[in-house]
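Student: Numbering (our numbering), first residue to last: 102 to 240.
The C-beta atom is built at its ideal place from N, Cα and C for all residues, glycine as well.
First the structure, which I've put down as structure tokens, then a few questions once you've had a look.
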């Protein structure tokens, strides 16, 4: 234990505290990601807030699955496909294979990103911390 550098001990102990205090942080980050995107979509892209929130939350979930497991679960593909096509969660997806869902996910994610990138380039003031916080607090 004495061979461990002082800084490494401080870092490890701080990480322990962070883990204790932020046990639900994954959900907090996903919530803020989806809520921020939904508020921007509603105000600047004339999109439905609930629909945008659900799609962005699903996108964040897909990102998390890839980051933590290296792949996307079939259930997450189906969830995204259902959200985008407004298909009831209990409906059976007969004839919808994984290749179709992968293509659908990639095409739609590229479209979502392009819309937000366009806003980011043409209206960068929307994306400052101050503007985002104000947008989140005002509604």
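Starting from the C-beta of residue 227, find all residues in its chain whose C-beta is less than 7 Å away, skip the five residues before and the five after it, and write them out in chain order.
Tutor: Along the chain shown, read from residue 1 onward, the residue named residue 227 stands at position 126. Within the same chain, residue 227 has close Cβ partners 141, 145 and 220.
Student: Determine, using beta-carbon pairs with one atom in the stretch 151-159 and one in the stretch 130-137, whether at least three such pairs fall under 8 Å.
Tutor: yes
Student: With DSSP run on the structure shown, which of helix, strand or coil describes residue 210?
Tutor: Counted from its first residue, the chain shown places residue 210 at position 109. Helix, per DSSP.
Student: Output the distance between the C-alpha atoms of residue 185 and residue 224, rounded to the nearest integer angstrom.
Tutor: Looking up residue 185 in the chain shown gives position 84. Looking up residue 224 in the chain shown gives position 123. Using only the alpha carbons, I get a separation of about 26 Å.
Student: Let me confirm a value: residue 214 is counted as buried when at least 16 other C-beta atoms fall within 10 Å, else exposed. Which label applies?
Tutor: Your numbering for residue 214 matches position 113 in the chain shown. Around the beta-carbon of residue 214, fewer than 16 other beta-carbon atoms lie within 10 Å, marking it exposed.
Student: Return the first residue and the last residue of the alpha helix (DSSP H) that residue 183 is part of.
Tutor: Stepping through the chain shown from its first residue, residue 183 is reached at position 82. 175-186 is the span of the alpha helix (DSSP H), which, as asked, contains residue 183.
Student: With DSSP collapsed to three states, give me the class of residue 226.
Tutor: The sequence position of residue 226 within the chain shown is 125, counting from 1. Three-state DSSP puts residue 226 in a helix.
Student: Are the Cβ atoms of residue 205 and residue 181 separated by less than 9 Å?
Tutor: The count along the chain shown starts at 1 and reaches residue 205 at position 104. The count along the chain shown starts at 1 and reaches residue 181 at position 80. Yes; because the gap between Cβ atoms is below 9 Å, this pair is in contact.
Student: Please state whether DSSP places residue 198 in a helix, a strand or coil.
Tutor: By 1-based counting over the chain shown, the position of residue 198 is 97. Residue state, collapsed to three classes: coil.
Student: Given this structure, state the Cα-to-Cα distance separating residue 102 from residue 169, to the nearest angstrom.
Tutor: Numbered from its first residue, the chain shown carries residue 102 at position 1. Numbered from its first residue, the chain shown carries residue 169 at position 68. Reliability fails at residue 102, whose pLDDT of 49 lies under 50, so the model's placement of it is uncertain and the value that follows must be treated cautiously. Taken atom to atom, the span from the alpha-carbon of residue 102 to that of residue 169 is near 30 Å.
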